[in-house]
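So the structure is just underneath, and the comments pick up after that.
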Amino acid sequence: MEILDRIKMVMKMNQLNAASFADRIGVQRSNVSHVLTGRNKPSLDFIEKMLIQFPKVNASWLISGQIQQTDVITPVKENENLITNVNQNKNTNVNREVGSQVSEKRIVKMITFYDDFTFDEFRPAND
């Protein structure tokens, strides 16, 4: 997968067309057009603006397609039921006290990316 493919994946995940993507990252629309058609490679400025606007995008992945082992989420084993695991782990979430305020982290969305640039989204049922 080339950097162009990864840029397109970011656009698709954020439901952005070329024009709205250009506006969002603060570059000229022609710049995005030239990158998407392969005429130009994305500049460092282009990549930096992307990473600022999309902070959840891993810089190593965007640039090289590789991620560090610490960035990888261990996949669920084939014989485990994902929904059961999510529901069982719901009560073991980390609680953090901030003064007198307690917040609980909950899974709200999980996304699985496939090598054909498609994805599936899973949202646990609301209680």
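The numbering used here puts the sequence shown at residues 29 to 155.
For each residue, glycine too, the CB sits at the ideal point set by N, CA and C.
Item	Value
Glutamate 125 in three-state terms, based on DSSP	With a pLDDT of 44 at glutamate 125, under the threshold of 50, the modelled position of that residue is not reliable, and the figure given next carries that caveat. The answer is strand: DSSP assigns glutamate 125 an E or B state.
For aspartate 143, the three-state DSSP class (helix, strand or coil)	coil
Which of helix, strand or coil DSSP assigns to glutamate 76	helix
Phenylalanine 82 versus lysine 36: straight-line alpha-carbon distance, rounded	13 Å
Coil, strand or helix - phenylalanine 49 by DSSP	helix
Backbone secondary structure at methionine 39 - three-state DSSP	helix
Leucine 72, buried or exposed, once every other Cβ within 10 Å from all chains shown has been counted against 16	exposed
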